[in-house]
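Here it is as structure tokens:
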């Protein structure tokens with residue numbers, strides 16, 4: 001319980017540290033937009049969250065090696081977390097998430 005509270009507090013601090021400054025950078029599959037943030041130590045960094053690294057493992061791709069994502073046109077918004085994988089809450093018994101969950105969060109100084 002205490003660990004959960006610490007994690008939640010940390011996540012709230014991350015979002016409070018977001019600025020209005022965004023950055024667009026090219027990748028192999030298309031351009032992505034990230035956001036500039038400040039750490040709790042007042043250091044600037046860029047956050048790119050929800051960057052796809054593979055096609056969703058559904059249908060014929062289930063239980064197969066990951067396939068590269070489809071390239072996209074325009075700029076993909078990577079300023080918030082991607083989908084979470086399917087999981088069942090061990091106390092409540094509620095299942096949530098999606099199989100479309102192959103995303104990375106990338107944090108960089110520059």
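In full-length UniProt numbering, the protein residues as written are 1 to 110. Even for Gly, the Cβ is constructed at its ideal location relative to N, Cα and C. Since this is a predicted model, take the numbers as computed values, not measurements.
Check: What's the call for residue 47, buried or exposed, on a 16-neighbour Cβ count within 10 Å?
Finding: Translated into the one-based positions of the chain shown, residue 47 becomes position 47. Under this definition residue 47 is a buried residue.
Next item on the list: Determine whether the Cβ of residue 109 lies closer than 7 Å to any Cβ atom of chain C.
Entry: In summary, chain C is missing from the structure at hand, where a single protein chain is found.
Next item on the list: Go through its chain and collect everything with a Cβ distance to residue 108's Cβ below 7 Å, but skip five positions before and after it.
Entry: For the purposes of this step, residue 108 is taken as the residue at position 108 of the chain shown. Around residue 108: 45 and 46.
Item checked: residue 71 burial status per 10 Å Cβ neighbour count (16 or more: buried) -> Within the chain shown, numbered from 1, the residue matching residue 71 stands at position 71. By the neighbour-count rule (16 or more Cβ atoms within 10 Å), residue 71 is not buried but exposed.
Notebook entry, point to check: Sorted by chain position, which residues of the same chain lie with C-beta nearer than 7 Å to residue 99's C-beta, five sequence neighbours on each side aside?
Noted result: Against the chain shown, residue 99 aligns to sequence position 99. Within the same chain, residue 99 has close Cβ partners 56, 57, 58 and 86.
Next item on the list: Using the Cα positions of residue 110 and residue 35, report the straight-line distance between them to the nearest angstrom.
Entry: Sequence index remark: in the chain shown, residue 110 carries index 110 (1-based). Sequence index remark: in the chain shown, residue 35 carries index 35 (1-based). Looking at the two C-alpha atoms, the distance is approximately 11 Å.
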